[in-house]
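**Q** Before anything else, here's the structure in question.
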Amino acid sequence: MGDLVIDGKQVRFIAAAQVTLGGEAIGEIELAADNTGEPTVLHSGSVSFYLIRRHGRPYLRVKDASAELLQTFEGIDRWPVDESWKVVATWELYKTPQKRSFPNVLGQATETEVAGEARFTHDGQEFALYPNSTSDDSWFWVFGDATNGMESYGAGRFLYTDGPDTNGHIVLDFNRSYNPPCVFTPYATCPLPS
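Using this note's numbering, the first residue of the sequence shown is number 9, and each one after it goes up by one.
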């Protein structure tokens with residue numbers, strides 16, 4: 009398909025075959041990574057690929073729309089929706105942000121400052137979760153529970169939510185949690201619960 013040229017933080021792709029961006033053939037292009045908001049997604053036949061950055065390092069994420077696993081995918085088992093797992097948590101700010109280490113499936117870890125934690129009670133048991141990342145649009149949570157490795161994926165699940173409302177409440181609807189990409193491929197760089 010072509011070559012990747014890494015020069016400092018810049019990554020360029022030089023096409024050696026028919027590669028397109030938005031349906032238009034390209035020759036050479038600087039790639040925007042996924043952490044910039046809109047990555048540059050290139051296509052060659054059924055294959056699409058784009059630059060991702062993890063721990064400051066560039067990687068190429070490749071997807072094939074005609075991959076056998078995708079063509080034969082029959083869905084996954086899931087639990088029925090249970091309204092008791094839609095909980096309202098209280099957002100509790102720390103006095104000062106705390107550094108948390110978030111591991112991933114590659115054995116790497118990212119240290120991130122976390123401003124607080126979401127606290128809630130379910131079936132008489134207290135829980136506290138802190139987000140892996142926050143933005144104006146959504147908060148990202150990676151969590152594990154007693155079902156990991158038995159009834160659900162061993163490395164936990166993902167959940168996106170809104171941030172806290174003006175009263176400091178966060179709705180954590182665990183019915184909306186989902187399996188990370190590592191369930192389906194060994195080539196994903198999924199974060200793990202910490």
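A virtual CB, placed ideally from N, CA and C, is assigned to each residue, including glycine.
#1: Is S244 helix, strand or coil when you go by DSSP?
#2: Expressed to the nearest angstrom, what Euclidean distance is found between the alpha-carbon atoms of H177 and P139?
#3: Hey, would you say A123 sits closer than 8 Å to L101, going by beta carbons?
#4: Please report the distance separating the alpha-carbon of T197 from that of R62.
#5: If you follow the beta strand (DSSP E) that Q79 is in, where does it begin and where does it stop?
#6: Considering only DSSP beta bridges, list what A123 is partnered with.
#7: Assuming A40 and T28 are in contact, meaning their beta carbons sit under 8 Å apart, how far apart are those beta carbons, in whole angstroms?
#8: Taking the alpha-carbon positions, what's the L59 to T118 distance?
#9: Quick check: the Cα distance between H130 and M9, rounded to an integer number of angstroms?
#10: Write down the C-beta distance between W93 and N183 rounded to the nearest angstrom, noting that I regard them as a contact closer than 8 Å.
#11: Using the beta-carbon count (16 or more within 10 Å), is G171 buried or exposed?
#12: What is the DSSP secondary structure of V191, reduced to helix, strand or coil?
#13: Cutting at 6 Å between CB atoms, please list the residues of its own chain near T57, excluding the five before and the five after it.
#14: Could you give the DSSP three-state label for R184: helix, strand or coil?
#15: Can you check the region 18-66 for any alpha helix (DSSP H) of at least 4 residues that lies completely inside it and give the ranges in chain order?
#16: Below 8 Å between beta carbons: does that hold for A97 and R127?
#17: Determine the direct distance from the alpha carbon of A25 to that of G152, and round the result to whole angstroms.
**A** Looking at the atomic coordinates:
#1: Nothing about residue 244 can be reported from this structure: the residues present for the chain run from 9 to 202 only.
#2: 14 Å
#3: yes
#4: 8 Å
#5: Run containing Q79: none in the beta strand (DSSP E); it sits in the alpha helix (DSSP H), E76 to Q79.
#6: Per DSSP, none; premise fails for A123.
#7: Their Cβ separation, rounded to whole angstroms, is 16 Å, which puts A40 and T28 out of contact at 8 Å.
#8: 19 Å
#9: 52 Å
#10: 6 Å
#11: exposed
#12: helix
#13: The question names Thr, but residue 57 is Phe in the sequence shown. Here the set comprises L50, L68 and V70.
#14: The answer is helix: DSSP assigns R184 an H, G or I state.
#15: Given a length threshold of 4 residues, the region 18-66 has no whole run of the alpha helix (DSSP H) inside it.
#16: yes
#17: 43 Å
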